[in-house]
Amino acid sequence: STTPVKVAVTGAAGQIGYSLLFRIASGALFGPDTPVELRLLEITPALKTLEGVVMEIDDCAFPTLAKVEIGDDPNTVFDGVNHALLVGARPRGPGMERGDLLEANGGIFAPQGKALNEVAADDVHVTITGNPANTNALIAMSNAPDIPRERFSALTRLDHNRAISQLAAKLGVPVTEITNMTIWGNHSATQYPDLFNAKVSGKSAAETVNDQEWLENTFIPTVAKRGAAIIEARGASSAASAASATIDHARDWALGTPEGDWVSMSVCSDGSYGVPEGLISSFPVTVKDGRWEIVQGLEVNDFSRARIDASVKELEEEREAVRGLGLIG
Ligand code: NAI
Numbered sequence: 002s003t004t005p006v007k008v009a010v011t012g013a014a015g016q017i018g019y020s021l022l023f024r025i026a027s028g029a030l031f032g033p034d035t036p037v038e039l040r041l042l043e044i045t046p047a048l049k050t051l052e053g054v055v056m057e058i059d060d061c062a063f064p065t066l067a068k069v070e071i072g073d074d075p076n077t078v079f080d081g082v083n084h085a086l087l088v089g090a091r092p093r094g095p096g097m098e099r100g101d102l103l104e105a106n107g108g109i110f111a112p113q114g115k116a117l118n119e120v121a122a123d124d125v126h127v128t129i130t131g132n133p134a135n136t137n138a139l140i141a142m143s144n145a146p147d148i149p150r151e152r153f154s155a156l157t158r159l160d161h162n163r164a165i166s167q168l169a170a171k172l173g174v175p176v177t178e179i180t181n182m183t184i185w186g187n188h189s190a191t192q193y194p195d196l197f198n199a200k201v202s203g204k205s206a207a208e209t210v211n212d213q214e215w216l217e218n219t220f221i222p223t224v225a226k227r228g229a230a231i232i233e234a235r236g237a238s239s240a241a242s243a244a245s246a247t248i249d250h251a252r253d254w255a256l257g258t259p260e261g262d263w264v265s266m267s268v269c270s271d272g273s274y275g276v277p278e279g280l281i282s283s284f285p286v287t288v289k290d291g292r293w294e295i296v297q298g299l300e301v302n303d304f305s306r307a308r309i310d311a312s313v314k315e316l317e318e319e320r321e322a323v324r325g326l327g328l329i330g
């Protein structure tokens, strides 16, 4: 069709935005035949920087880019959007406690949820990248009662991609040989990358690795602490890889997952695998016709159970904290 897909990006003048916008405009989300319209939200002091970024976007003369609009009012920028990529968030400042961080982000994601509820397209799909992503998604979802809950998701695809990359490197195989990877739980240091259900060339990844010591003491912490390692090496947090994962996530949600494989997405739990209903937690999902389904019937051994439970407990604590702050019902 020639009607452009309207894609909103918040925090568009930030680091991730600087990678993400050019990828979307070049057709990486929906392919070369689907025009896109960018709707870019920033806070007022960042609008001038954003204008500069838009000048560069113009200078690329992307054939798939139909239009760009920028602004600082979510009710205007989100009008009629089909996909909302919520990247802008409040980072943890010096001396900031978790409660302060959740409250500051509540001040961003509650009004953005309300605005989406009022003005977004009926088919809107909302992806939260900004941290703490899972709980920010919970806040946005809870403030958008007219948008079906399954249209909110948080990004654990970067963790998923990191897990694939680490496993492929360990075994000396191409990343294309790794399938059925799962990140369970929260996008935080408690996340659980699961090698017991992952496959290498169609065989169990855990059995192929055959090294519980590596799995436990190298693989899991390397994946879970990769964000900190990037900051240490680069002096700034992961941006191009986070943008790439946001594209992967939104593209697969729109266009579907390959037969026989699945991806990790943080979505609203229906109680599957003992994750309390209503929490935004990472699961293995398949996608068809724009709708995700949690993969059922996977084996969760005692080791996995304990790891999943610990991460889910953290999500429950975050939910209690934002409930206490009046940010969710
Ligand atoms: P950044 O600080 O470079 O950019 C954030 C932008 O958001 C800034 O330009 C800021 O002005 C804007 N912003 C703040 N409040 C806003 C609001 N109310 N509305 C619109 N824009 C607003 O940060 P960066 O590196 O681009 O990262 C963005 C977020 O993504 C951070 O929260 C970061 O922790 C998170 N992240 C998440 C990952 C994931 O896997 N889920 C991976 C990497 C980063």
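First residue of the sequence shown? That's 2 in UniProt numbering, and the numbers climb one at a time after it.
Backbone N, C-alpha and C define an ideal beta-carbon position, used for all residues, glycine too.
Met97 counts as exposed, since fewer than 16 other C-beta atoms from the protein chains shown sit within 10 angstroms of its C-beta. Nearest in C-alpha terms to Asp74, of all of Ala9, Ala234, Thr183, is Ala9. Apart from the 5 residues on each side of it in sequence, Leu102 sits with its Cβ closer than 6 Å to the Cβ of Arg93 in its chain, given in chain order. For the pair Gly28 and Phe63, the CB atoms are nearer than the 9 Å cut-off. Following the DSSP letters along the chain, one finds Ala111 inside the alpha helix (DSSP H) bounded by residues 99-120. Counted as a single uninterrupted DSSP element, the beta strand (DSSP E) harbouring Asp195 occupies residues 193-195. Just so you know, the alpha carbons of Thr191 and Leu172 end up roughly 24 Å apart. If one requires a minimum length of 3 residues, the beta strand (DSSP E) runs lying completely within the UniProt domain "Lactate/malate dehydrogenase N-terminal" (6-150) are 6-11, 37-42, 66-72, 84-87, 126-129, in chain order.
Inclusion of Val301 and Phe284 in the CB contact set at 9 Å is not warranted, their separation being larger than that value. Less than 9 Å separates the beta-carbon of Ala164 from that of Pro194. Per the coordinates, the alpha-carbon of Ser143 lies some 8 Å from the alpha-carbon of Gly114. With respect to Asn76, Ala116 sits close: the two C-beta atoms are nearer than 9 Å.
Taking C-beta separations shorter than 7 Å and ignoring five residues to either side along the sequence, the partners of Ala241 in its chain run Ser20, following chain order.
In the same chain as Gly72, and ignoring 5 residues on each side of it, the C-beta atoms closer than 6 Å to its own belong to Val78, in chain order. Met182 is classed as buried because its beta carbon has at least 16 other beta carbons within 10 Å across all chains shown.
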